[in-house]
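Quick note, the sequences are listed as chains A and B, same order.
Using our numbering, read the first sequence as starting at 56 and increasing by one per residue.
Using our numbering, read the second sequence as starting at 56 and increasing by one per residue.
For glycine and all other residues, C-beta sits at the position ideal for the given N, C-alpha and C.
A short write-up of the structure that comes next.
Number of protein chains: 2
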Amino acid sequence: MAPQLDSYFKQVDGLSDNFIDRLRKAVAIPSISADDERRPDVVKMGKFLASELRALGAHVEERPLGKQPHKEHLELPPVIVARYGNDKNKRTILVYGHYDVQPANKEDGWATEPFELSIDDKGRMFGRGSTDDKGPVLGWINCIEAHLKAGVDFPVNLLMCFEGMEEYGSEGLDDFITAEAKGFFKDADAVCISDNYWLGTEKPCLTYGLRGCNYYSIAISGPGQDLHSGVFGGSAQEPMTDIVRVMGSLVDTDGNIQIPGLKDLVAPVTEEEKSLYGDISYTMDNLYESLGSKTSIFEDKERTLMARWRFPSLSLHGIEGAFSAAGAKTVIPAKVVGKFSIRTVPNMQIDEVNELVYKHVKAEFAKLKSKNTLDVSLQHAGMWWVASPKHWNFSAAGKAVEKVWGVKPDLTREGGSIPVTLTFEQATGKNVLLLPMGSSTDAAHSINEKLDKRNYIEGIKLQGAYLHYVAEEPLS
Amino acid sequence: MAPQLDSYFKQVDGLSDNFIDRLRKAVAIPSISADDERRPDVVKMGKFLASELRALGAHVEERPLGKQPHKEHLELPPVIVARYGNDKNKRTILVYGHYDVQPANKEDGWATEPFELSIDDKGRMFGRGSTDDKGPVLGWINCIEAHLKAGVDFPVNLLMCFEGMEEYGSEGLDDFITAEAKGFFKDADAVCISDNYWLGTEKPCLTYGLRGCNYYSIAISGPGQDLHSGVFGGSAQEPMTDIVRVMGSLVDTDGNIQIPGLKDLVAPVTEEEKSLYGDISYTMDNLYESLGSKTSIFEDKERTLMARWRFPSLSLHGIEGAFSAAGAKTVIPAKVVGKFSIRTVPNMQIDEVNELVYKHVKAEFAKLKSKNTLDVSLQHAGMWWVASPKHWNFSAAGKAVEKVWGVKPDLTREGGSIPVTLTFEQATGKNVLLLPMGSSTDAAHSINEKLDKRNYIEGIKLQGAYLHYVAEEPLS
Chain A
56 MAPQLDSYFK QVDGLSDNFI DRLRKAVAIP SISADDERRP DVVKMGKFLA SELRALGAHV
116 EERPLGKQPH KEHLELPPVI VARYGNDKNK RTILVYGHYD VQPANKEDGW ATEPFELSID
176 DKGRMFGRGS TDDKGPVLGW INCIEAHLKA GVDFPVNLLM CFEGMEEYGS EGLDDFITAE
236 AKGFFKDADA VCISDNYWLG TEKPCLTYGL RGCNYYSIAI SGPGQDLHSG VFGGSAQEPM
296 TDIVRVMGSL VDTDGNIQIP GLKDLVAPVT EEEKSLYGDI SYTMDNLYES LGSKTSIFED
356 KERTLMARWR FPSLSLHGIE GAFSAAGAKT VIPAKVVGKF SIRTVPNMQI DEVNELVYKH
416 VKAEFAKLKS KNTLDVSLQH AGMWWVASPK HWNFSAAGKA VEKVWGVKPD LTREGGSIPV
476 TLTFEQATGK NVLLLPMGSS TDAAHSINEK LDKRNYIEGI KLQGAYLHYV AEEPLS
Chain B
56 MAPQLDSYFK QVDGLSDNFI DRLRKAVAIP SISADDERRP DVVKMGKFLA SELRALGAHV
116 EERPLGKQPH KEHLELPPVI VARYGNDKNK RTILVYGHYD VQPANKEDGW ATEPFELSID
176 DKGRMFGRGS TDDKGPVLGW INCIEAHLKA GVDFPVNLLM CFEGMEEYGS EGLDDFITAE
236 AKGFFKDADA VCISDNYWLG TEKPCLTYGL RGCNYYSIAI SGPGQDLHSG VFGGSAQEPM
296 TDIVRVMGSL VDTDGNIQIP GLKDLVAPVT EEEKSLYGDI SYTMDNLYES LGSKTSIFED
356 KERTLMARWR FPSLSLHGIE GAFSAAGAKT VIPAKVVGKF SIRTVPNMQI DEVNELVYKH
416 VKAEFAKLKS KNTLDVSLQH AGMWWVASPK HWNFSAAGKA VEKVWGVKPD LTREGGSIPV
476 TLTFEQATGK NVLLLPMGSS TDAAHSINEK LDKRNYIEGI KLQGAYLHYV AEEPLS
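What follows is the structure, given as structure tokens:
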């Protein structure tokens, strides 16, 4: 099967210095989408991708998204869409990635300059955006180049969608994808997103599920303005007193959500599903290392992974309007807003969850018999996503992992959300696969972000192999 | 009695424009102690007082306090100490006030320029520091001037202590007072502090009690760093979950402190004491107006005043380390610090309260069976203060109020603390009286701070009359 892969792999190895050099150039462009002053660099990064793709013969369009909402003086960076190959006899794969990055300053604690790719003797390539998400995005470009130079026919038509606002809420992208599902993306047979990570450091995974997130505010207000606790303590009902009691009624120390009826919305665990967790390459030590402590809820891997992937969780994030600085302030806050979110899983529907949350919060507040005023509301919500890992899109990726890494991949879900995943699924109606390149220790969003040279180079091979196996998969 | 008061009063009325002009000059100096860049203005204000006092023949010393703690590049403003009169046959009264002010910017919502005295047609004199505390401080200077110009013998020896850091924690003052109790202040027979307000707007009061304050931090920590709630929600024990439950165990909506044993420390209410509250000039509408709402704990004046003055209260101020901004952030905070304080009353001792607080907080945390780590500690404490209102210092002030305002003053306590009060009492061993000049609507610390012209001018008469009655009081 896929006999031409060996010469493709050889070419990738031969070009590896070029590919690292391409990553170096990309990391050197500080394309921080959250920083207004860096907007020209974000645009520059998009143009860099467009130019690299054009040089390889791809058809590229830089598609404007208009003004940035709430920042009307700023133009959103363009979505770079591209097509490589237009053969009716080949499958068409749509790949997504983003070319903007999180903010980074040397002063935050970076060991090296964040916008200079620095490779240490263990092959760790440090630099902002190396793993999130410039490495994976360049992977597809490198994949095209290696095919060209190896003289190997490209096995599919490749559609590309690279955005520049992912780290700032993907502003404008949903509408764009929805519109282009019947336009630029209309030929897509399946979607592949490379914007996540292995569960650990040694074993690749394919990701078929994400939790959703309902984010709530509980506002409690009483006095017309903040009060002095010396003067009014004891004679006024205090919103803070009420809010800690209401927030304390939501979840217990072991993560058990106390909202009546919520558990009934969760799809039951089947015996078959239970058996899947034992084989996942993950240990409690992996958890303790990433927590930086042993303050886990469970003592075993299976229940920990299930709690992360397939059960809901409720986290209290904080309180707006109360005293939050260091030191001491004798204030009675007049209005406080408690923030919490629920990670959702199949079959929890956003509206059903809202209804149970509102009912519980109002009932708990009513118990207090307070004269203060309560308002509970949903700030935002994103649905969970679960794909079928039996689809040919996943089988092809699984074979590619075995070919490149010599192991069957773990089939994983993630506890967080990647909203664009669901958008692609809903807009195109096609299967979506998450195919990670980097590993769990890459520190995306943190200081000292890195991508291992091995993950980059083997990842480029994996992307190419995936496309070859996609071409061979029977219709399903 | 005190037959010379009439000519003194007449002189005060005649000089009222001069006195308002003196206040205008003082308000024009933005002596903001919290603002490093305004430090020269604070010093300028101290020198203004010194120069006015010297012009009237007082002996004045500008006493340095050294460098400002934690801001070693800044010199603390001097304490202005002065003596007017040195007659062994007269009583000696020590008066205290402060010449620094809270920050103020027109942009905060002031209707007029905060550092320009603006008088409206109701005689309200708006300006930062007008009532807190430049008006009362200048009152003593005006009092000397009016005696001189009226040719009335000054009835006592007056010692003055005017500090420039009151709005920033009175840094350095405690040690200074303690040292000078046997030095510059050694002749003091009683102390009078004018740095508080009437309970309402129509009836003067004398204040003989203040609550103390024990301020606590509850720190709960778990993970080594903040976590993403998508990734770790459901698998890690969250410090926020624990802290809202512990904070929720401290006090209920109606202000009942839930810490076992705490109520037993409070001095019982006597029948005699109960009868005092009915006559106090205060209504529930006064409370609702100052709250800006009707969210009171009690529906009657007596229990409201007792809750403010003579019972302890517990207020939750906020949580450090959690998400506190507007909007949404899906963080699991790694370490959170809950802040609360207990207002203390006779006979609660600081250490006894600490012991009960620590025991209760630890017990409530233990109930959670959490793997997180708890640390509860006292941030700072100040004792309550109650003076004897039967002392000649209070009788003299009571007679002065009757003479100037035609009513017997309310004898009040306050819910907040004025730490320097207790310092003076402990350092000198003498009776301390709080003699307010301004009224409850003066908005000290807020925008549009004002002092009513009537309160200023009659307040100057009151200060003088108080000194005359002090001279006539028998030894007690």
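CA nearest to the CA of residue i, picked from the options
i: B/L331; options: B/R358, B/M339, B/I314 and B/D307; result: B/R358
i: A/G471; options: B/S290, B/V82, B/N486 and B/V392; result: B/S290
i: B/E221; options: B/G152, B/H372 and B/T338; result: B/G152
i: A/P158; options: A/H125, A/I232, A/L131 and A/D187; result: A/D187
i: A/E354; options: A/M339, A/L488 and A/G393; result: A/M339
i: A/K463; options: A/T496, A/V386, A/Q66 and A/P259; result: A/P259
i: A/N409; options: A/C268, A/Y343, A/V324 and A/Q292; result: A/C268
i: B/N160; options: B/A81, B/M180, B/G184 and B/V150; result: B/G184
i: A/T308; options: B/F240, B/K318 and B/S276; result: B/S276
i: B/E419; options: B/L305, B/K237 and B/K80; result: B/L305
i: B/Y271; options: B/Q123, B/S443, B/T399 and B/E218; result: B/T399
i: A/A201; options: A/Y223, A/E116 and A/L111; result: A/L111
i: B/D334; options: B/A236, B/L466 and B/D96; result: B/L466
i: B/I102; options: B/E171, B/R266 and B/F217; result: Correcting the residue type first, residue 102 of chain B is Lys in the shown sequence and not Ile. Checked all of B/E171, B/R266 and B/F217; the closest Cα to B/K102 is B/F217.
i: B/I298; options: B/S379, B/I273, B/G279 and B/N212; result: B/I273
i: B/L597; options: B/T262, B/D96 and B/I405; result: The shown model of chain B, from 56 to 531, leaves out residue 597 of chain B, and the question about it has no answer.
i: B/D163; options: B/L70, B/E504, B/V525 and B/Q518; result: B/E504
i: B/L433; options: B/K424, B/S106, B/K426 and B/K414; result: B/K414
i: A/G484; options: A/V321, A/D430, A/K241 and A/G264; result: A/K241
i: A/F395; options: A/E528, A/A436, A/S425 and A/K426; result: A/A436
Residue i (DSSP reduced to helix, strand or coil)
i: A/S71; result: helix
i: B/L530; result: coil
i: B/Q518; result: helix
i: B/A234; result: helix
i: B/H500; result: coil
i: A/F287; result: helix
i: A/A243; result: coil
i: B/Q280; result: coil
i: A/S86; result: coil
i: B/V400; result: coil
i: A/Q59; result: coil
i: B/S106; result: helix
i: B/T385; result: coil
i: B/F366; result: coil
i: B/K394; result: strand
i: B/N269; result: strand
i: A/D228; result: What sits at residue 228 of chain A in the sequence shown is Leu, not Asp. Correct three-state label for A/L228: helix.
Residues bridged to residue i (per DSSP)
i: B/R138; result: B/H114 and B/L214
i: A/K318; result: In the DSSP output, where bridge partners are listed per residue, A/K318 has none listed.
i: B/V98; result: Partner(s): none; B/V98 has no beta bridge.
i: A/D540; result: Residue 540 of chain A is absent from the model: chain A starts at 56 and stops at 531.
i: A/Q123; result: A/K126
i: A/L261; result: A/L466
i: B/I26; result: Only positions 56 to 531 of chain B appear in the structure, and residue 26 of chain B is not among them; the question remains open.
Short Cβ contact (8 Å threshold) for residue i with residue j
i: A/D281; j: A/A389; result: yes
i: A/T167; j: A/S284; result: no
i: A/P210; j: A/K145; result: yes
i: A/G190; j: A/L78; result: yes
i: A/V441; j: A/P491; result: no
i: A/S86; j: A/Y139; result: no
i: A/P294; j: A/V391; result: yes
i: A/A236; j: A/N448; result: no
i: A/G347; j: A/I374; result: no
### Query
Fully enclosed by the stretch 418-467 of chain B, which beta strand (DSSP E) runs are 3 residues long or longer?
Segments of the beta strand (DSSP E) lying fully in the stretch 418-467 of chain B: 428-437.
### Query
What alpha helix (DSSP H) runs, 4 residues minimum, are completely inside the stretch 466-496 of chain A?
Fully enclosed alpha helix (DSSP H) runs of 4 or longer: 474-483.
### Query
Can you give, in chain order, each stretch of the beta strand (DSSP E) that sits fully within the stretch 146-222 of chain A and has at least 3 residues?
Within the stretch 146-222 of chain A, the beta strand (DSSP E) runs of at least 3 residues that lie entirely inside it are, in chain order, 147-153, 179-181 and 212-218.
### Query
Which runs of the alpha helix (DSSP H), 4 residues or longer, sit entirely within the stretch 295-355 of chain B?
326-332 and 339-346
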